[in-house]
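I have placed the structure first, in the form of structure tokens, so that the comments after it can refer back to it.
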Amino acid sequence: MKPETAIRHQRRGFTLAELLVTLVVTAIVLSAVATLAFALRSGVQAGSDAAEAQAQLRLATLHITESVRLARMVCAAPGNDLVLWVHTERDNSDHRINVNELVYIERGDDLDIVGLCWFDAAEGSNAEVSLADLALAQTKANLLSNHDHTQVTLVEPCRNVQFGLWDGDGLMLNPATDAVWKTRRLAIAFERIENGAAGQYQIGATLLASAEHLINDAGDGLVSEDDDV
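Residue numbers (our numbering): 130 to 358.
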């Protein structure tokens, strides 16, 4: 082999040290790229989860607010629910609480959902329901069994769902001891786990009008005659 040929071959090749350095640099670059890709995927997923949670919250707020705005009264707080007497297109204007005018705000057995439930009683079975009966958890079970109904879960998963009720003077009501039909404003508070941390949320709504004038003197039911309205 001629000397100049040997020199040319030496210039085209890598020494062992150069090859090792190249491999190390390549490994570092690939590791950095993989880390960046993982971070981007994680960021996109976190952003997607947050966007989904916000969309769910907006939808829940819309439905809850509309139901409360149209409510004539918060009738009772049986079990984990609130019962609203709501003015709907099916309202028969008889100043009585009928099955088709009821909306339950639900929290679930474990206080881990926010949902709504309403009924579609067949003609002839849209009976009156008393305040005393609505205060019983069994009444809801009977209504679900006897009538067509719709149950919609608005927020899930969540936890520690709590109701707050206030009267027209801004005083907080205790459903266990106070007449909840005095409610003029309510709030639903709950927690959601996001990125490993508990986020606090609240939905607030106010009744546009109140049917308190239909409550009898004893405060445990509606007046018995339309002439008393």
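For every residue, glycine included, the Cβ atom is placed at its ideal position computed from N, Cα and C.
Indicate the three-state DSSP secondary structure (helix, strand or coil) for residue i in the structure shown.
i, result
"Ile322", "strand"
"Ala175", "Model confidence at Ala175 stands at a pLDDT of 49, short of 50, so the residue's coordinates are unreliable and nothing is read from them."
"Asp296", "strand"
"Thr335", "strand"
So, is residue i buried or exposed, given that buried needs 16 or more other C-beta atoms within 10 angstroms?
i, result
"Ala175", "Bear in mind that the predicted position of Ala175 carries a pLDDT of just 49, short of 50, making it too unreliable to give a figure here."
"Thr312", "buried"
"Arg201", "buried"
"Ser353", "exposed"
"Ala250", "buried"
"Asp210", "buried"
Comparing C-alpha positions only, which one of the options sits nearest to residue i?
i, options, result
"Pro359", "Arg225, Ala250, Glu323, Gly293", "Any answer about residue 359 is impossible in this case: the structure gives the chain only from 130 up to 358."
"Thr217", "Asp210, Asp241, Trp247", "Trp247"
"Asn227", "Val284, Pro304, Ser259", "Ser259"
"Ile193", "Leu300, Leu343, Tyr330, Ala316", "Ala316"
"Ala308", "Leu186, Leu240, Ala347", "Ala347"
"Leu240", "Arg288, Gly333, Arg187", "Arg288"
Rounded to whole angstroms, what's the CA-CA distance from residue i to residue j? Just pull it up for me.
i, j, result
"Glu235", "Asn345", "27 angstroms"
"Glu237", "Val243", "This sequence places Gly at residue 237; Glu is not what is there. If you take the alpha carbons of Gly237 and Val243, they lie about 7 angstroms apart."
"Leu245", "Ala206", "14 angstroms"
"Tyr233", "Trp214", "9 angstroms"
"Ile229", "His276", "What sits at residue 229 in the sequence shown is Asn, not Ile. Distance between the alpha carbons of Asn229 and His276 is about 10 angstroms."
Less than 8 angstroms between the CB atoms is what I'm expecting for residue i and residue j, so what's the real figure, rounded?
i, j, result
"Val212", "Leu294", "About 12 angstroms separates the two Cβ atoms, so there is no contact after all."
"Ala189", "Leu283", "4 angstroms"
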